[in-house]
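Here is the structure we will look at.
2 protein chains.
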Amino acid sequence: MKNNTRESGWEGVTVNSTELRERIGAAMKGAATLVIKNAHVVNVFTREVTLADVAVYEDTIIGVGEYSCDNEYDAKGVYLCPGFIDAHVHIESSMVTPNSFARVVLPHGTTAIIADPHEIANVCGTEGIWAMYKMSNMMPLWVYFMMPSCVPATPFDNTGARILADDMRQLKQKSRMLGLGEVMDYVSTTRCEESMLEKLVLFEDMRIDGHAPLLSGNALNAYCVAGPSTDHECSCFDEVLEKLRAGMSILIRVGSAANGVREMLTEIADRGLPTDNMMFCTDDKHLENTLREGHINCIARLAVECGIAPVDAVRMASYNAARAYGLKRQGAIAPGYRATMVLFDNLRDFNVVDVFAMGRRYEDTACDIGHILPADVLNTINCAPVSARDLSLRRDVLGANARADGLFPVIRTIPGQLVTELKYERLRFEDGEFAADERFNKLAVIERHHATGNVGVGVVEGLQLKDGAICASVAHDSHNIVVVGDNDEDMLLAVESLVECGGGFAVVHRGIVLARLPLPIAGLMTDAPVEEVLRKQRALVDAAKLLGAPDESDPLVLLSFLALPVIPNVRLTDEGLIDVGKTEYIYKNKAKGE
Amino acid sequence: MKNNTRESGWEGVTVNSTELRERIGAAMKGAATLVIKNAHVVNVFTREVTLADVAVYEDTIIGVGEYSCDNEYDAKGVYLCPGFIDAHVHIESSMVTPNSFARVVLPHGTTAIIADPHEIANVCGTEGIWAMYKMSNMMPLWVYFMMPSCVPATPFDNTGARILADDMRQLKQKSRMLGLGEVMDYVSTTRCEESMLEKLVLFEDMRIDGHAPLLSGNALNAYCVAGPSTDHECSCFDEVLEKLRAGMSILIRVGSAANGVREMLTEIADRGLPTDNMMFCTDDKHLENTLREGHINCIARLAVECGIAPVDAVRMASYNAARAYGLKRQGAIAPGYRATMVLFDNLRDFNVVDVFAMGRRYEDTACDIGHILPADVLNTINCAPVSARDLSLRRDVLGANARADGLFPVIRTIPGQLVTELKYERLRFEDGEFAADERFNKLAVIERHHATGNVGVGVVEGLQLKDGAICASVAHDSHNIVVVGDNDEDMLLAVESLVECGGGFAVVHRGIVLARLPLPIAGLMTDAPVEEVLRKQRALVDAAKLLGAPDESDPLVLLSFLALPVIPNVRLTDEGLIDVGKTEYIYKNKAKGE
């Protein structure tokens, strides 16, 4: 039975009067199950830092002052902060399940995240969101959700699912669902497309995340009027200032992307801009980088380095996000708040001494939850059989808009960037078929959700693969299968190898699978251990380099973005080659059925 | 059919995609229906004050910058602030309906209030709350609600209704209902009484207002753990500091009560305490005082006088309250926010130049709504016939706990205070009946909700009435009929006169009704014009003074609190005389049925 009543409870934990009675009673008596002694406690409300004990009863803080109990932890005078919060992140980009993700970020002091399951939603629709919701229940990491707002992200995306406002109603009622996720399609929004307006109206009573790089003036005003009230895409201080003035909460992002962050933080500090509507997020960050340099704590460190007062950096990393997203029991060390806290060596380096989650000292084993993987998100690769014929790229197709000079359109990658260039080049053909080589690789995008048989084929310059192919089912945002190589045999083997394991990444060289990372969950994630994932990722990159992939870019990441029709300037979809600026096809490949 | 789905929309205004489309389009084009030109605009997000124009489309702000349109208002350089918000108020205490109340506060710049209909709920139960909700719909004043949490306020109160958690479920879903109202019964809360815990659990996912004067230490911690997260009862700076540290939002109150406010504000300013969790409220404030000195703007004035930065005072008066209570479109001048703004001469005196509400310059006639008065809240006086016999106070009853020295218990009022003293005095009796006189008046509390015939009778010293009686149906919190006088005849006439008009206040002298204020709505409010109410109130006070009531206290207010069994030290209910400290009856009058 459909239930449209909003779930109650402490953001996902249903509390009953018996539990509440126990907590109140424990606070009245000062009867703790854990006391953290002698910590410099950061109070986000008064901005004070005072030496005190913190009393915890089960998963609730019951007091700050002088306490003792049988279970004491001596903080030895170091700094106790509320657990840090990542205000915007896509778990799927880590390629691991929520509990593996938790295992990586918790030791860096991140105890809550606000996740937008946009990637899995593009593959599995609302069932994918439900799956993420279930897989992240009752963990030492608090996982909250924003409803993916743009599935598919553009009209050009042939995704596994399309999510309309009506599909969102039931999930909206879940207590860990905080609002509508990043409205990245700001064009539809400011152009008032009906299906987008319906979503904005549905979520008008909740929070709505924005995503509006460089939007300004009237267009920004219109976007704010539409509903989005946060932004994580600022790349310079002036953009921060304009959006803050317009009432947006600013999410300072340091993840895979971190454009202009140092300049922004320095200006914010120098001008004494209020930081109470600013917080931190990673958006996407490689697990390897998180393991090496930290997570939200490394943004706090950067903020202090740029001149932000340490206590304000702590507020930005915790309380400000909790308040902006309405998490009333998160982000502070005070009676009634959740006992998720982190001890740092100092408020400059933010090196973690210890983490407290669920009312006890965090240990790695706390993440051994063993959630059952919902069947809905397994075996999601559903593509028609692929043969050499499907990879054919005939001179007349490629030349549909051929120029008088006999040159043909080519995607050129730019070292170290995700942006591509559209170039026209002289290509080699054999019997009217494009003949790939080391300079001009063949790129194919194979529809894999509904077995339509759609295959887009194009030419890419810059990957420089020789005698091999790379294949991926992680291909933003539609996550069709993308394969690139200099010969059809290796490309077909790479695809076959990927289909066999439910998706992931594979590198093939002369008929041999050199490296493979299976991602059986939606073709995006795996429940394999993090160490194994990282090892296989490194093996994939090494193998790709062996084929000739240049050093400047991660070839896996580059491949994952070649089919995303929102990044300039030219992309390949399962239907053909798109000029992103003009939002029109340069040529369309024939669909299989035609 | 009961509908348990949370109402959606912009806090009470259901928006549809057509309206949203219009607003977005207007913002895109900068096409305003009103432009306020040349104002010093206060930006609560950046703390900047800049000379600019504000563009409004219908009831929505669509931009701040340079604008023009056919309908321009020249602000001539004075200061434009977001409309001010009263974060906690009981409309019923004004004795007028919500639209009359609006007419008084709007000209002082208060454009939104958070009302707790605790008084009418004690008379009419949830039907009273529904009535207030309906009577405050679609007004130029935004009226939000908190659900009265303590009806009745104590086990001693025989009220018109009892509201349990289950009774709250449907009203909780209304979009202007923001949470659970002031949990004044902090004793039941920290003692974990089941019926209170059930309400706290029900509202765990919303805001819960506190009311905990002088609560401190473990008891305060326990109270915070239970759920309340605001407090409007602080009377000194140390109390502010302790509650702020514990995570409570502090509501600085200047209404009928304003204990220690100047000291608190001065210390907050001197110590540079963050004010982002502080806001303003009146709780109860006489209309006459509001008309004379202002409303929330007079608290802002006081704050600046005490050293708070003017922009912070504006934030406290607007944005901070909106944020604390989750009003996402209130409290700021920015695109998408509601066009409720106020122009002040400067940010020191906060004298109102003009008010903008519903997207246009506010005029008094905007409050002429003419809501239909719901029948549920009319004709609420339901008491058994009262005769001289009911007012009898026999020596044996009064002497139930008589002391060996032959002295009898008396309520003594203290000039200028609501607190009373329990005294033992030598009294005069005739035929075993207490004989009232000018010094020792007789006080009676007549149950008026369920015609139980309960009448509590006692002796009060300090009102000094001679040859007359005063009667009221406004008697916190149970709002039974309270009557005081020196002779039974005048007391009976006063009661009769009040019952006849559905409740209110009356003063009788030697068989003549000298003055009367009918309050036909729940015996608490009237839809008569404000001017008439004020005139009749003055006439009542003058008449009471004529009978001998002392100058130090407002005799009507004093009478209204003599039956409230939560204020020290001794009170009379419809069952008998209570020692508030011991929470036990000193004596009980026989109930009529006995």
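For the record, the sequence lines run as chains A and B.
Going left to right, the first sequence walks through residues 857 to 1450 as the working numbering numbers them.
Going left to right, the second sequence walks through residues 857 to 1450 as the working numbering numbers them.
For every residue, glycine included, the Cβ atom is placed at its ideal position computed from N, Cα and C.
{"Item": "Under the rule that 16 or more other beta-carbon atoms within 10 Å means buried, what is valine 1275(B), buried or exposed?", "Value": "exposed"}
{"Item": "With a Cβ-Cβ cutoff of 8 Å, do tyrosine 989(A) and arginine 1032(A) count as a contact?", "Value": "yes"}
{"Item": "Whole angstroms are fine: how far does the CA of histidine 1088(A) sit from the CA of valine 912(B)?", "Value": "27 Å"}
{"Item": "Which same chain residues end up closer than 6 Å to aspartate 1065(A) when comparing Cβ atoms and leaving out the 5 residues on each side of it in sequence?", "Value": "Met1002, Gly1037, Glu1038, Thr1086"}
{"Item": "How do the region 1100-1117 of chain A and the region 1064-1081 of chain A stand: do at least 3 beta-carbon pairs fall below 8 Å, yes or no?", "Value": "yes"}
{"Item": "Are any of the Cβ atoms in chain B nearer than 8 Å to that of cysteine 925(A)?", "Value": "no"}
{"Item": "In whole angstroms, what separates the C-alpha of tyrosine 1443(A) from that of leucine 1249(A)?", "Value": "11 Å"}
{"Item": "Looking at C-alpha atoms only, which residue of Glu1095(B), Cys1223(B), Gly1111(B), Arg1216(B) is the closest neighbour of glutamate 1149(B)?", "Value": "Gly1111(B)"}
{"Item": "So, with DSSP's three-state summary, where would you put asparagine 859(B)?", "Value": "A caution first: asparagine 859(B) carries a pLDDT of 44, below 50, which makes its placement in the model too unreliable to give a value."}
{"Item": "Name the one or two DSSP bridge partners that cysteine 1137(A) has.", "Value": "Arg1109(A)"}
{"Item": "By how many angstroms is the C-alpha of threonine 1269(B) removed from the C-alpha of lysine 1279(B)?", "Value": "10 Å"}
{"Item": "Tell me which residues share the same chain as asparagine 1133(B) and place their Cβ nearer than 6 Å to its Cβ, disregarding the 5 neighbours each side in the sequence.", "Value": "Ser1105"}
{"Item": "List, from N- to C-terminal side, the alpha helix (DSSP H) runs of 4 residues or more that fit wholly inside the region 1208-1271 of chain A.", "Value": "1251-1254"}
{"Item": "Rounded to whole angstroms, what is the Cα-Cα separation between valine 1339(A) and arginine 1216(B)?", "Value": "60 Å"}
{"Item": "Hey, is proline 1191(A)'s beta-carbon within less than 8 Å of any beta-carbon in chain B?", "Value": "yes"}
{"Item": "Excluding the five sequence neighbours on either side, which residues of its own chain have a C-beta within less than 7 Å of the C-beta of serine 1174(B), listed in chain order?", "Value": "Val900, Cys937, Pro938, Gly939, Phe940, Ile941, Gly1187"}
{"Item": "Out of curiosity, what's the CA-to-CA distance linking methionine 1135(A) and isoleucine 1108(A)?", "Value": "6 Å"}
{"Item": "Would DSSP call valine 897(B) helix, strand or coil?", "Value": "strand"}
{"Item": "Taking the straight line between their C-alpha atoms, what separation do you get for alanine 1068(B) and cysteine 1048(B)?", "Value": "15 Å"}
{"Item": "Report the CB separation of proline 1008(B) from aspartate 1435(B) in whole angstroms; it is logged as a contact under 8 Å.", "Value": "Not quite, the Cβ-Cβ distance comes to about 19 Å (not below 8 Å), so this is no contact."}
{"Item": "Return the chain-ordered list of same chain residues with a C-beta closer than 6 Å to the C-beta of cysteine 1092(A), the five sequence neighbours on each side being excluded.", "Value": "Gly1116"}
{"Item": "8 Å is my cut-off, CB to CB: does arginine 1032(A) come that close to chain B?", "Value": "no"}
{"Item": "Expressed to the nearest angstrom, what Euclidean distance is found between the alpha-carbon atoms of histidine 1306(B) and glycine 1016(B)?", "Value": "7 Å"}
{"Item": "Determine whether the Cβ of methionine 857(A) lies closer than 8 Å to any Cβ atom of chain B.", "Value": "At methionine 857(A) the pLDDT is 34, less than 50, meaning the model places this residue with poor confidence; the figure from the coordinates comes in the next sentence. No, methionine 857(A) lies away from the interface with chain B (no Cβ there is under 8 Å from its Cβ)."}
{"Item": "Using a threshold of 8 Å, state whether the C-beta atoms of methionine 1120(B) and valine 1096(B) are closer than that.", "Value": "yes"}
{"Item": "From Lys1392(B), Glu1345(B), Thr1382(B), pick the residue whose C-alpha is nearest to that of alanine 1451(B); which is it?", "Value": "A query on residue 1451(B) cannot be resolved here, the shown segment of chain B reaching from 857 to 1450 and no further."}
{"Item": "DSSP has arginine 1194(A) in a bridge; who is on the other side?", "Value": "Thr916(A)"}
{"Item": "Quick one: give me the first and last residue of the alpha helix (DSSP H) that arginine 877(B) is part of.", "Value": "873-885"}
{"Item": "Can you name, in chain order, every residue of its own chain whose Cβ lies under 6 Å from the Cβ of cysteine 1223(B), other than the five neighbours on each side?", "Value": "Asn955, Ala958, Arg959"}
{"Item": "What are the start and end residues of the alpha helix (DSSP H) that includes leucine 1403(B)?", "Value": "1386-1403"}
{"Item": "What do you reckon, are the CB atoms on leucine 1375(A) and alanine 1300(A) nearer than 8 Å?", "Value": "no"}
{"Item": "Is alanine 1231(A) buried or exposed, if buried means 16 or more other CB atoms sit within 10 Å of its CB?", "Value": "exposed"}
{"Item": "Return no unless some Cβ of chain A is closer than 8 Å to the Cβ of alanine 1102(B).", "Value": "yes"}
{"Item": "Opposite asparagine 1297(A) in the DSSP bridges: which residues?", "Value": "Val1316(A)"}
{"Item": "In the structure shown, what three-state DSSP assignment does isoleucine 1434(B) receive?", "Value": "strand"}
{"Item": "Quick check: what's the CA-CA separation for asparagine 1310(B) versus arginine 1284(B)?", "Value": "25 Å"}
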